[in-house]
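> Okay, here's the structure, questions in a sec.
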Amino acid sequence: MAMPTLVIPSLDDSSLYIHRELSQLQFNIRVLEQALDESYPLLERLKFLLIFSSNLDEFFEIRVAGLKKQITFAREQAGADGLQPHQALARISDLVHSQVDRQYAILNDVLLPELEKHQVRFIRRRYWTAKLKTWVRRYFRDEIAPIITPIGLDPTHPFPLLVNKSLNFIVELEGIDAFGRDSGLAIIPAPRLLPRIIKVPEEVGGPGDNYVFLSSMIHAHADDLFQGMKVKGCYQFRLTRNADLALDSEDVEDLARALRGELFSRRYGDAVRLEVADTCPKHLSDYLLKQFSLSETELYQVNGPVNLTRLFSITGLDSHPELQYTPFTPQIPKLLQNSENIFSVVSKQDILLLHPFESFTPVVDLLRQAAKDPHVLAVRQTLYRSGANSEIVDALVDAARNGKEVTAVIELRARFDEESNLQLASRLQAAGAVVIYGVVGFKTHAKMMLILRREAGEIVRYAHLGTGNYHAGNARLYTDYSLLTSDDALCEDVGKLFSQLIGMGKTLRMKKLLHAPFTLKKGMLDMIARETQFALDGKPAHIIAKFNSLTDPKIIRALYKASQSGVRIDLVVRGMCCLRPGIAGVSHNIHVRSIIGRFLEHTRVFYFLNGGEEQMFLSSADWMERNLDKRVETCFPVEGKKLILRVKKELESYLTDNTHSWSLQSDGRYIRNTPTGNQNPRSAQATLLERLGSPVLTVR
Numbered sequence: 008m009a010m011p012t013l014v015i016p017s018l019d020d021s022s023l024y025i026h027r028e029l030s031q032l033q034f035n036i037r038v039l040e041q042a043l044d045e046s047y048p049l050l051e052r053l054k055f056l057l058i059f060s061s062n063l064d065e066f067f068e069i070r071v072a073g074l075k076k077q078i079t080f081a082r083e084q085a086g087a088d089g090l091q092p093h094q095a096l097a098r099i100s101d102l103v104h105s106q107v108d109r110q111y112a113i114l115n116d117v118l119l120p121e122l123e124k125h126q127v128r129f130i131r132r133r134y135w136t137a138k139l140k141t142w143v144r145r146y147f148r149d150e151i152a153p154i155i156t157p158i159g160l161d162p163t164h165p166f167p168l169l170v171n172k173s174l175n176f177i178v179e180l181e182g183i184d185a186f187g188r189d190s191g192l193a194i195i196p197a198p199r200l201l202p203r204i205i206k207v208p209e210e211v212g213g214p215g216d217n218y219v220f221l222s223s224m225i226h227a228h229a230d231d232l233f234q235g236m237k238v239k240g241c242y243q244f245r246l247t248r249n250a251d252l253a254l255d256s257e258d259v260e261d262l263a264r265a266l267r268g269e270l271f272s273r274r275y276g277d278a279v280r281l282e283v284a285d286t287c288p289k290h291l292s293d294y295l296l297k298q299f300s301l302s303e304t305e306l307y308q309v310n311g312p313v314n315l316t317r318l319f320s321i322t323g324l325d326s327h328p329e330l331q332y333t334p335f336t337p338q339i340p341k342l343l344q345n346s347e348n349i350f351s352v353v354s355k356q357d358i359l360l361l362h363p364f365e366s367f368t369p370v371v372d373l374l375r376q377a378a379k380d381p382h383v384l385a386v387r388q389t390l391y392r393s394g395a396n397s398e399i400v401d402a403l404v405d406a407a408r409n410g411k412e413v414t415a416v417i418e419l420r421a422r423f424d425e426e427s428n429l430q431l432a433s434r435l436q437a438a439g440a441v442v443i444y445g446v447v448g449f450k451t452h453a454k455m456m457l458i459l460r461r462e463a464g465e466i467v468r469y470a471h472l473g474t475g476n477y478h479a480g481n482a483r484l485y486t487d488y489s490l491l492t493s494d495d496a497l498c499e500d501v502g503k504l505f506s507q508l509i510g511m512g513k514t515l516r517m518k519k520l521l522h523a524p525f526t527l528k529k530g531m532l533d534m535i536a537r538e539t540q541f542a543l544d545g546k547p548a549h550i551i552a553k554f555n556s557l558t559d560p561k562i563i564r565a566l567y568k569a570s571q572s573g574v575r576i577d578l579v580v581r582g583m584c585c586l587r588p589g590i591a592g593v594s595h596n597i598h599v600r601s602i603i604g605r606f607l608e609h610t611r612v613f614y615f616l617n618g619g620e621e622q623m624f625l626s627s628a629d630w631m632e633r634n635l636d637k638r639v640e641t642c643f644p645v646e647g648k649k650l651i652l653r654v655k656k657e658l659e660s661y662l663t664d665n666t667h668s669w670s671l672q673s674d675g676r677y678i679r680n681t682p683t684g685n686q687n688p689r690s691a692q693a694t695l696l697e698r699l700g701s702p703v704l705t706v707r
C-alpha cells in the first residue's frame, strides 16, 4: 500500500501563522496559571493573578482598540494568519470572557481562602460585625463622603465623561428630591485619590491583616449620598478606553508640547470594554452599554472588584515575609568588587552582566565615575524607560553640572512612560544637558551609553550596551544583559549611531554593530540563510534564539525555510509567537518554549553555529516588524570564546527547564513541561541564581 504523499503548504499559507493578538492572550493565560502553582509563595501567586489583570487592561487599551479602529474606519487588514479584525475580535471576546471567569474563580475559591488561613482577610459586608459597621460608618463620613460627588442623571445632568479605568457606581433610585426631580438613576465616580482597599485596625477587625473594599463602603452608605431617597441598587463598574496616542510626530513642530496635550486626551479615548459587578441587573448594564456605544460581547460581568490591580498594595506585606519570595542580593563580578576605577577594568576586557542575578550597580557606578572624573569629556545616553527616581538620570545631571558635554536621547513616546520621560527631559535640560527626542517616525528603543575620556593625550571611548532599560527597578525584576566595553570598533560604531540620532546624515557603515531600521533585519535574515546553506551542504546547523516576541512574517518564513533544510532551531519566546512549530515538512525542526517565572524574561540573545565558528549576539530588539522596521535598535556581538561559552550555557539552561517552561504546539496551544521518568526538576532561573552566587530558588 502506497504511503500518502505529504502535502507541504506554501510558506505564505495563512494556516502556518498564529494571530498576534490571540498569541498574546495565550501568554497571559500562562501568567494566570502561575496563580495555581503552589511552588510559588502565596502572595506571589496573587501577584501573578493581578499581573493578568494589568496585562489585560493594556491589551484592551492598545490591541483591541487598534482592531476596533480598523473596523470603524473601514480599514480592515488581515495579517499573515488571514484573520480579519472582526473575526479576531470575536475570538478574543470568547477567550477573554472564559479566562476572566476563571481568574475570579481562582481568586475567590483558591487564593482568598488560602490568605485567610494566614490571617489576611477581605471582609465582605455580610460578615461585618457591629463594631466594624460603626468603624466603617465613621470612616465613610470622615474620609469618603466629603470628596465624593454623586451625579443625578436628568436633562440638566447628562451622563458624565468618565476617566479611563476609573471606579464608578451606577445607582438606581426611588423617590422625589427637594426640587421635585425623579431621574431614577445616578452615577458615583470614586475619586482616584481614595484607596481601593482600606486596612481595618486590629482592635476593630481582630488579629491579622483585615481589609474592607472601598466599593463595599460605598455600597453600604450610598443612602447617605441621596438624602430622603431610597437606593434600590448600587453596582460598581469600570470603563476601559483606547489609550493609544494618536500623535503623528511628523506633523507637529514641538513633540513635547503636543505630547502633553495628547496625554490628557488619552484618559477619554473611545470605549473598548465595560466591566460590571455580576449582580448588576441587565437593564442597567444595557443602559451603560448604550451610553458607551458598546455591544454585549464587550460586557464583562465579574464576581468581585472590577479593578483587581489595586490589590497590588498588599502583595508586599511586611507582616508576612514567608508568603513572599526569599530576598536575594544581586552579585557584583569579582573583577569589579575591589576596583575603585571601573574604567581601568573595562579598558582591559569586556564585562558582561546578567541581571538581576548580577547587579545593575556597575552600570550606574560607571556613569557616576564619569560624572566626577576630570578626564571625562562627554557622555551620551539613550533613555526609554528609567523610572521616577532614576540613579542614571541623577548621574547625568551631576555630569552636566560638572561641565561634561551631556547629550540625552529620550524617547518621549515610550508607552505609559510618556509623562515620566517629559519630566526627566525637563530636569536634564535644567542641568545643562542637551536633550533630543530621537528621530521623527521611529521610536528610539536602543539601550546604549557612550563615554568619551582623555587618556595619555588621546580620546578613548567606553560604552555600555544592553538588552533592557536603564531602570534600576526593572533590573531587579527583569532578566537582561549588560555589556561594558572599550572595544575600539564597537565603541566607534556606537559613536556613529549617536551621531545619526543627534545630527543628520546618511547611514554610516558599521564595523560590528547591527542597527535597525537599517542593517539589523537584513543581518538576521542573512545569518539564518547562512545556517540554511550549511544544512543544505550536509553540515551541522543550529540556531538558538531567546527574545520576547516573534511576529515578523519575513523572519518566520526564513525560519521555516531553514527548518525545511535541516537546521535545528530552538526558540525561547516569552510572549507572542506567530510561528507554528512541529508542522511536518515545514517546521518539524523548530521547537518553541516559553519561560514564566519569578523574573520577567527580557533578554534578547541570538546564537548561530556558523559552521563551527560560533557567533553570539545580544540585542534590544525582538523579532517583530515594529522593532526591525520602525524603531532604532542595536544588536551587538558577544566576543571571545569564554563569553560566548558562558552565554551559550545560560541559554541551554532555558532549553532544559522542566518546571517553569511551556512548549508551543502546532495548533497554538502551550503545554507545561514537567519532569518525566527519572528527571530531576530543573528551573533556569534557579540555576542562574545558583551559578551566579545568590541563594538558590527552591524547585518544588
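Sequential numbering of the sequence shown, starting at 8, is according to our numbering.
Glycine included, every Cβ here is placed at the ideal spot set by N, Cα and C.
Take the Cβ of Lys-518 as the centre, count every other Cβ of all protein chains shown within 10 Å, and call the residue buried at 16 or more, exposed below.
Exposed, by the Cβ-count rule.
> Can you tell me whether Arg-245 is helix, strand or coil according to DSSP?
Strand at Arg-245.
> What residue range does the alpha helix (DSSP H) around Leu-122 cover?
Per DSSP, Leu-122 belongs to the alpha helix (DSSP H) from 119-124.
> Roughly how many angstroms lie between the CA atoms of Ala-5 and Phe-220, to the nearest whole one?
Within the shown structure, residues of the chain are numbered from 8 to 707, placing residue 5 beyond reach of any answer.
> Curious, which full-length alpha helix (DSSP H) runs of at least 4 residues does the segment 410-470 contain?
Counting only runs of 4 or more, we get 425-437.
> Taking the alpha helix (DSSP H) that Lys-553 falls in, what are its first and last residues?
First-last for Lys-553: 549-554, but that is the beta strand (DSSP E), not the alpha helix (DSSP H).
> State the beta-bridge partners of Pro-157 as determined by DSSP.
Its beta-bridge partners do not exist; DSSP assigns none.
> Compare the Cα-Cα distances from Arg-109 to each of Leu-419, Ile-458, Gly-86, Phe-59 and report the closest residue.
Nearest C-alpha to Arg-109: Phe-59.
> Starting from Asp-500, trace the alpha helix (DSSP H) both ways and give me its first and last residue.
Its alpha helix (DSSP H) spans residues 495-509.
> Tell me Thr-486's beta-bridge partners as DSSP assigns them.
Thr-486 pairs with Glu-608.
> Identify the continuous alpha helix (DSSP H) that holds Glu-65 and give its terminal residues.
First-last of the alpha helix (DSSP H) with Glu-65: 49-65.
> Could you tell me the alpha carbon to alpha carbon distance between Thr-486 and Ile-154, rounded to whole angstroms?
Approximately 43 Å between the Cα atoms of the pair.
> Quick check on Gly-530: buried or exposed, where buried means 16 or more other Cβ atoms within 10 Å of its Cβ?
Gly-530 should be labelled buried.
> Does Phe-34 pass the burial test, meaning 16 or more other C-beta atoms within 10 Å, or should it be called exposed?
Burial call: buried.
> Check the DSSP bridge columns for Ala-523 and list the partner residues they point to.
Partner(s): Glu-640.
> Does DSSP put Ile-358 in a helix, a strand or coil?
It is a strand residue.
> Work out the CA separation of Lys-297 and Asn-687 for me, nearest whole Å.
Taking the straight line joining both Cα atoms gives about 56 Å.
> Contact defined as beta carbons within less than 8 Å: I believe Leu-543 pairs with Val-353. What is the distance between those atoms, to the nearest angstrom?
No, Leu-543 and Val-353 are not in contact; Cβ-Cβ is about 42 Å, not under 8 Å.
> Hey, quick one: how far does the beta strand (DSSP E) through Asn-217 stretch, first residue to last?
Here the beta strand (DSSP E) through Asn-217 covers 216-220.
> Identify every run of the beta strand (DSSP E) within the segment 271-319, keeping only runs that are complete inside it and at least 3 residues long; order them along the chain.
Those beta strand (DSSP E) runs which fall completely within the segment 271-319 and span 3+ residues are 278-284, 306-309.
> Terminal residues of the continuous beta strand (DSSP E) containing Leu-180?
That run of the beta strand (DSSP E) goes 174-181.
> Can you give me the C-alpha to C-alpha distance between Phe-166 and Leu-384, rounded to a whole angstrom?
Using only the alpha carbons, I get a separation of about 59 Å.
> How would you call Leu-652, buried or exposed, if buried means at least 16 neighbouring beta carbons within 10 angstroms?
Leu-652 comes out exposed.
> Does DSSP put Ser-21 in a helix, a strand or coil?
It is helical.
> Taking the alpha carbon of Gln-106 as the reference point, which residue from Lys-355, Pro-48, Ala-42, Phe-541 has its own alpha carbon closest?
The residue with the shortest Cα to Cα distance from Gln-106 is Ala-42.
> Taking the CB atoms as reference points, tell me whether Val-501 and Ala-548 lie closer together than 9 Å.
It is not a contact, given that the beta carbons lie outside the stated cut-off.
> Does the distance from the C-beta atom of Val-371 to that of Ala-479 stay below 9 Å?
It is a contact, given that the beta carbons lie within the stated cut-off.
> With a threshold of 6 Å on Cβ separation, who are the neighbours of Thr-316 within its own chain once the five nearest residues in sequence on each side are excluded?
If we look at Thr-316 and ignore the five residues flanking it on each side, its Cβ neighbours are Leu-57, Ser-60, Ser-61.
> Consult DSSP for Glu-365 and reduce its assignment to one of helix, strand or coil.
Looking at Glu-365 - three-state DSSP - the assignment turns out to be strand.
> Considering only C-alpha positions, which residue in the set Phe-350, Val-127, Lys-637, Arg-611 is nearest to Ser-493?
Residue Phe-350 is the option with its Cα nearest to Ser-493.
> Helix, strand or coil for Gly-545 per DSSP?
Of the three classes helix, strand and coil, the one that applies to Gly-545 here is coil, per DSSP.
> Under the DSSP definition of a beta bridge, which residues are partnered with Lys-237?
Lys-237 is bridged to Glu-181.
> For Arg-148, name the three-state secondary structure that DSSP assigns.
Arg-148 falls in the helix class under three-state DSSP.
> Which residue comes first and which comes last in the alpha helix (DSSP H) that contains Arg-387?
Where Arg-387 is concerned, there is no enclosing alpha helix (DSSP H), although the beta strand (DSSP E) it sits in stretches over 383-390.
> Among the candidates Phe-55, Asp-277, Ala-691, whose CA atom is the shortest distance from the CA of Leu-301?
Checked all of Phe-55, Asp-277, Ala-691; the closest Cα to Leu-301 is Asp-277.
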